[in-house]
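Trainee: Structure provided below as structure tokens; questions to follow.
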Amino acid sequence: MPRDPLSPAADESVILRAWEILRRRRLLAFVVFMTLVASALAFATYLPDLYQATAVVLVERQVSEAVVTPPASGELESRLQVIKQEILSRARLSALVEQYNLYPRLRSRAPLETVLDQTRRDIQVELTGPEQVSGRTKTVAFRLIYTGEQRDTVADVTNALAAFYVAQNDRMRSEEALRTAEFLKRQLSEAKRQVDHHEQNVRAFTARHVGELPQQTGMNLATLSRLNDQLRLNGEQQLHVLEQRERLLEGIAVDSDALNIAAAAPAVSNTSDPVELAKRIDRMKDELQQLETRSTAKHPDVIRLKEQIAALQREAAAREDADRKAAESSEKTPAPSRDLPPARRRALENLDGELSRLKKTEADVRNAITAFERRLEGAPELQNEFTLLSRDQQAAKDLYDSLMKRYDEAQLVASMETDRQGERFRILESAVPPDGPKAPNRLRLLILGLLLAAAAAVGAVLLAEQLDPSFHTLDELRKFTRIPVIAAIPCIDAAPGARRARVAFAMASALVVIVLAGALSAHVARDNQQLVRFLVRTS
Numbered sequence: 031m032p033r034d035p036l037s038p039a040a041d042e043s044v045i046l047r048a049w050e051i052l053r054r055r056r057l058l059a060f061v062v063f064m065t066l067v068a069s070a071l072a073f074a075t076y077l078p079d080l081y082q083a084t085a086v087v088l089v090e091r092q093v094s095e096a097v098v099t100p101p102a103s104g105e106l107e108s109r110l111q112v113i114k115q116e117i118l119s120r121a122r123l124s125a126l127v128e129q130y131n132l133y134p135r136l137r138s139r140a141p142l143e144t145v146l147d148q149t150r151r152d153i154q155v156e157l158t159g160p161e162q163v164s165g166r167t168k169t170v171a172f173r174l175i176y177t178g179e180q181r182d183t184v185a186d187v188t189n190a191l192a193a194f195y196v197a198q199n200d201r202m203r204s205e206e207a208l209r210t211a212e213f214l215k216r217q218l219s220e221a222k223r224q225v226d227h228h229e230q231n232v233r234a235f236t237a238r239h240v241g242e243l244p245q246q247t248g249m250n251l252a253t254l255s256r257l258n259d260q261l262r263l264n265g266e267q268q269l270h271v272l273e274q275r276e277r278l279l280e281g282i283a284v285d286s287d288a289l290n291i292a293a294a295a296p297a298v299s300n301t302s303d304p305v306e307l308a309k310r311i312d313r314m315k316d317e318l319q320q321l322e323t324r325s326t327a328k329h330p331d332v333i334r335l336k337e338q339i340a341a342l343q344r345e346a347a348a349r350e351d352a353d354r355k356a357a358e359s360s361e362k363t364p365a366p367s368r369d370l371p372p373a374r375r376r377a378l379e380n381l382d383g384e385l386s387r388l389k390k391t392e393a394d395v396r397n398a399i400t401a402f403e404r405r406l407e408g409a410p411e412l413q414n415e416f417t418l419l420s421r422d423q424q425a426a427k428d429l430y431d432s433l434m435k436r437y438d439e440a441q442l443v444a445s446m447e448t449d450r451q452g453e454r455f456r457i458l459e460s461a462v463p464p465d466g467p468k469a470p471n472r473l474r475l476l477i478l479g480l481l482l483a484a485a486a487a488v489g490a491v492l493l494a495e496q497l498d499p500s501f502h503t504l505d506e507l508r509k510f511t512r513i514p515v516i517a518a519i520p521c522i523d524a525a526p527g528a529r530r531a532r533v534a535f536a537m538a539s540a541l542v543v544i545v546l547a548g549a550l551s552a553h554v555a556r557d558n559q560q561l562v563r564f565l566v567r568t569s
């Protein structure tokens, strides 16, 4: 059955038991310990050195972005990534490796793509010094880090990378600002053409509909009201002329010397059929009733219809009164004669001429009223069309103004980039040759090797003691069986020379094992850059 090698006897402590085991297994412990120590020492000694150089690049902003917002600059982090991808391109990395003779051992035994992949892993960019600007984190500096095999070369490579970042940033910002300005210029030209096109459409629409535009509705309503008043006044003037003519004819009829006078009074203007006029009033009343169901009493169309209906009603009343008086005058007045006295004949002719002029004026006013009514009826449709034209014109103008503002800013940014007044990179700290290697940490490896060797030696001793079935003390035997022990006979070495030979062979074998382990570790560690980088990543 398994037994605990460190389990002491009743009168023996754990420390004494452990010491007894170590004394008995000292050769095994020594061999294991020295083998691992030699391996760790050779491993730490023969690992190649890796050097690291760092350059700090400052992001300078000559003009605050609160004053000028660069539309073509882009985010700093994105630009840094673009520049890094250009640096890590195959052509540029190949030139860099050839120029500084990087990775000579790796190039001798590996393809070029492997060398370039290693170069990409050795180049790092770290953003530093963030600041809060308008609620966003802005980078004010970044570090370029290169890790390589040669102490002097890593500084040169790092400085070359920093110089490339500075040059590429200036070139990218300048070209991007110029491209943006040129693009906005083309867009601005197209927007100006659209603005001119829409303005021409509005002008043509205005020219086609002079006096019919929506903004002239108020003026048209006022003109229509004025024409209705003028029509009413014209009717009153005709009645007045007819009354004068009637009195004149009555005077002629009384005069006994004017019995043969013919008073052929022209009838009152009947430019409008009374039946047609009544139908028109009825239609407008129906239209007013329908409109009042949809609009309030203060709506312009409601007010206009009421005024037109009132004007037509006054016209109908005036026409009826004029026709009645004309009929009475024609009944009372005898037919005119050429024998009238010259004064009365001229007065009658003047009244007839005035009445004809008033009738002509009435016809003109009615035609004007009809025209203005058609304008007002077509106003809603024109309003929709004019609204669409105006909206398109305003949208084109807003786009033009926005592009003009952005174009002015783009020109200012392009001027700033040309004069190197925009955001630029400046090497704040150039890379210098490092004082010592970045990796490996040999002291740390040795300490870890010693700890591992000690643990392995203890483990080997415990394993050997666990697997050994023999008894080394009487206490172990008594603990194992209840059979009483009669006597203990010590080991009698009949051939001391043979024993010394075995010990010498064991020591020589242990020495060979230690040397082979150290040589193997040295062979594995020699020029093994990949192993050093792996240890750096995992540490």
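Per this note's numbering, the very first residue in the sequence shown carries number 31; after that it's consecutive. Where is the CB? At the ideal position from N, CA and C, for every residue including glycine.
In the DSSP assignment, the alpha helix (DSSP H) including isoleucine 51 goes from what residue to what residue?
Mentor: The residue given as residue 51 occupies position 21 in the sequence shown. 44-54 is the extent of the alpha helix (DSSP H) around isoleucine 51.
Trainee: Glycine 383: buried (16+ other C-beta within 10 angstroms of its C-beta) or exposed?
Mentor: Here residue 383 is taken as the residue at index 353 of the sequence shown, counted from 1. Exposed, because fewer than 16 other Cβ atoms sit within 10 Å of the Cβ of glycine 383.
Trainee: Please say whether valine 87 and valine 196 have beta carbons closer to each other than 8 Å?
Mentor: In the sequence shown, counting from the first residue as 1, residue 196 sits at position 166. In the sequence shown, counting from the first residue as 1, residue 87 sits at position 57. Going by C-beta atoms, valine 196 is nearer than 8 Å to valine 87.
Trainee: Got a sec, what are the start and stop residues for the beta strand (DSSP E) glutamate 570 sits in?
Mentor: The structure shown does not extend to residue 570, since the chain spans only 31 to 569, so no value can be given for it.
Trainee: By the DSSP assignment, the alpha helix (DSSP H) with valine 462 in it spans what residues?
Mentor: Locating residue 462 in the sequence shown gives position 432, where the first residue counts as 1. Run containing valine 462: none; DSSP gives neither H nor E here.
Trainee: Closest to phenylalanine 564 by CA distance: which of Ala486, Val542, Asn471 is it?
Mentor: Within the sequence shown, the letter at position 534 stands for residue 564. Of the listed residues, the one whose Cα sits closest to phenylalanine 564 is Asn471.
Trainee: Going by the CB atoms, is the gap between phenylalanine 194 and alanine 555 shorter than 8 Å?
Mentor: Here residue 555 refers to the residue found at position 525 of the sequence shown. Here residue 194 refers to the residue found at position 164 of the sequence shown. In this structure, phenylalanine 194 does not lie closer than 8 Å to alanine 555 by Cβ.
Trainee: Answer with buried or exposed for glycine 527, where buried requires no fewer than 16 other C-beta atoms within 10 angstroms of its C-beta.
Mentor: Mapped onto the sequence shown, residue 527 falls at position 497. Result: exposed.
Trainee: Quick check on valine 44: buried or exposed, where buried means 16 or more other Cβ atoms within 10 Å of its Cβ?
Mentor: Here residue 44 refers to the residue found at position 14 when the sequence shown is read from its first residue. It counts as exposed.
Trainee: How far does the alpha helix (DSSP H) with threonine 84 in it extend, from its first residue to its last?
Mentor: Taking the sequence shown and counting its residues from 1, the one referred to as residue 84 is at position 54. Element bounds for threonine 84: not the alpha helix (DSSP H) but the beta strand (DSSP E), 81-91.
Trainee: Which first and last residues belong to the alpha helix (DSSP H) in which leucine 138 is found?
Mentor: Here residue 138 corresponds to residue number 108 of the sequence shown, with the count starting at 1. Checking the sequence shown, residue 138 turns out to be serine, not leucine. Residues 134-139.
Trainee: For asparagine 199, count neighbouring Cβ atoms within 10 angstroms of its own Cβ and tell me buried if that reaches 16, exposed if not.
Mentor: Residue 199 sits at position 169 when you count from the first residue of the sequence shown. Buried.
Trainee: Assuming isoleucine 399 contacts leucine 257 under a Cβ cut-off of 8 Å, what Cβ separation, rounded to an integer in Å, is found between them?
Mentor: What you label residue 399 is simply residue 369 of the sequence shown in a count that begins at 1. What you label residue 257 is simply residue 227 of the sequence shown in a count that begins at 1. Correct: roughly 5 Å between the Cβ atoms.
Trainee: Does histidine 270 pass the burial test, meaning 16 or more other C-beta atoms within 10 Å, or should it be called exposed?
Mentor: Position 240 of the sequence shown holds residue 270. Burial call: exposed.
Trainee: Classify arginine 55 as buried or exposed, calling it buried when 16 or more other Cβ atoms lie within 10 Å of its own Cβ.
Mentor: Sequence index remark: in the sequence shown, residue 55 carries index 25 (1-based). Classification for arginine 55: buried.
Trainee: In the DSSP output, what is valine 155 paired with across the bridge?
Mentor: Against the sequence shown, residue 155 aligns to sequence position 125. Per DSSP, Leu174.
Trainee: Just to confirm my understanding: we take threonine 326, look at its own chain, exclude 5 residues before and 5 after, and list those with CB closer than 8 Å. What are they?
Mentor: Working through the sequence shown from its first residue, we reach residue 326 at position 296. Here the set comprises Val332.
Trainee: Could you give the DSSP three-state label for alanine 552: helix, strand or coil?
Mentor: Counting from one through the sequence shown, the residue named residue 552 turns up at place 522. Of the three classes helix, strand and coil, the one that applies to alanine 552 here is helix, per DSSP.
Trainee: Per DSSP, which residues does alanine 469 bridge with? Please list them.
Mentor: In the sequence shown, the residue the question calls residue 469 occupies position 439. Answer by DSSP bridge pairing, in chain order: Leu80.
Trainee: Report buried or exposed for histidine 228, applying the criterion of at least 16 other Cβ atoms within 10 angstroms of its Cβ.
Mentor: Locating residue 228 in the sequence shown gives position 198, where the first residue counts as 1. Result: buried.
Trainee: Does isoleucine 291 pass the burial test, meaning 16 or more other C-beta atoms within 10 Å, or should it be called exposed?
Mentor: As a first step, residue 291 is located in the sequence shown; it is residue number 261 there, counting from the start. Its pLDDT being 38, under 50, isoleucine 291 is placed unreliably by the model, and nothing is read from it.
Trainee: Distance, Cα to Cα, arginine 150 vs leucine 429?
Mentor: Residue numbering aside, residue 150 sits at position 120 when the sequence shown is read from its first letter. Residue numbering aside, residue 429 sits at position 399 when the sequence shown is read from its first letter. When rounded, the distance between both Cα atoms is 46 Å.
Trainee: Taking the alpha-carbon positions, what's the arginine 201 to alanine 85 distance?
Mentor: In the sequence shown, residue 201 corresponds to position 171, counting from 1. In the sequence shown, residue 85 corresponds to position 55, counting from 1. Computed Cα separation, rounded: 21 Å.
Trainee: Please confirm if the segment 61-71 is in contact with the segment 415-431, defined as three or more CB-CB distances below 8 Å between the two stretches.
Mentor: Cβ pair count under 8 Å is below three, so no.
Trainee: So if DSSP puts isoleucine 399 in a beta bridge, which residue, or which two residues, is it bridged to?
Mentor: Taking the first residue of the sequence shown as 1, we reach residue 399 at position 369. Note: isoleucine 399 sits in no beta bridge, so no partner.
Trainee: Are the CB atoms of arginine 262 and glutamate 377 within a distance shorter than 8 Å?
Mentor: Here residue 377 refers to the residue found at position 347 of the sequence shown. Here residue 262 refers to the residue found at position 232 of the sequence shown. A small fix is needed here, since residue 377 is alanine in this sequence, not glutamate. No.
Trainee: Sort Val155, Val545, Arg313, Asp438 by Cα distance to serine 108 and report the nearest one.
Mentor: Here residue 108 corresponds to residue number 78 of the sequence shown, with the count starting at 1. Nearest C-alpha to serine 108: Val155.
Trainee: With DSSP as the reference, identify every bridge partner of arginine 456, one or two as the case may be.
Mentor: One-based indexing of the sequence shown puts residue 456 at position 426. DSSP lists Leu88 as partners of arginine 456.
Trainee: Return helix, strand or coil for isoleucine 513, following the three-state DSSP convention.
Mentor: Mapped onto the sequence shown, residue 513 falls at position 483. Reduced to three states, the DSSP call for isoleucine 513 is coil.
Trainee: Quick check on the burial criterion: 16 or more other C-beta atoms within 10 angstroms. Buried or exposed for glutamine 230?
Mentor: Indexing the sequence shown from 1 puts residue 230 at position 200. It counts as exposed.
Trainee: So, with DSSP's three-state summary, where would you put leucine 118?
Mentor: The residue given as residue 118 occupies position 88 in the sequence shown. Coil.
Trainee: So, is arginine 644 buried or exposed, given that buried needs 16 or more other C-beta atoms within 10 angstroms?
Mentor: Residue numbering for the chain in the displayed model covers 31 to 569; residue 644 lies beyond these limits and cannot be assessed.
Trainee: Should glutamate 143 go down as buried or exposed, given a rule of 16 or more other Cβ atoms within 10 Å for buried?
Mentor: What you label residue 143 is simply residue 113 of the sequence shown in a count that begins at 1. Exposed, since its Cβ has fewer than 16 Cβ neighbours within 10 Å.
Trainee: Just checking my contact of valine 145 with arginine 135 at CB under 8 Å: how many whole Å lie between their CB atoms?
Mentor: Sequence index remark: in the sequence shown, residue 145 carries index 115 (1-based). Sequence index remark: in the sequence shown, residue 135 carries index 105 (1-based). That pair is no contact at about 10 Å.
Trainee: Which residue's Cα is closest to the Cα of glutamine 343: Ala440, Lys328, Arg313?
Mentor: As a first step, residue 343 must be located in the sequence shown, where it is residue number 313. The candidate whose alpha carbon is nearest that of glutamine 343 is Arg313.
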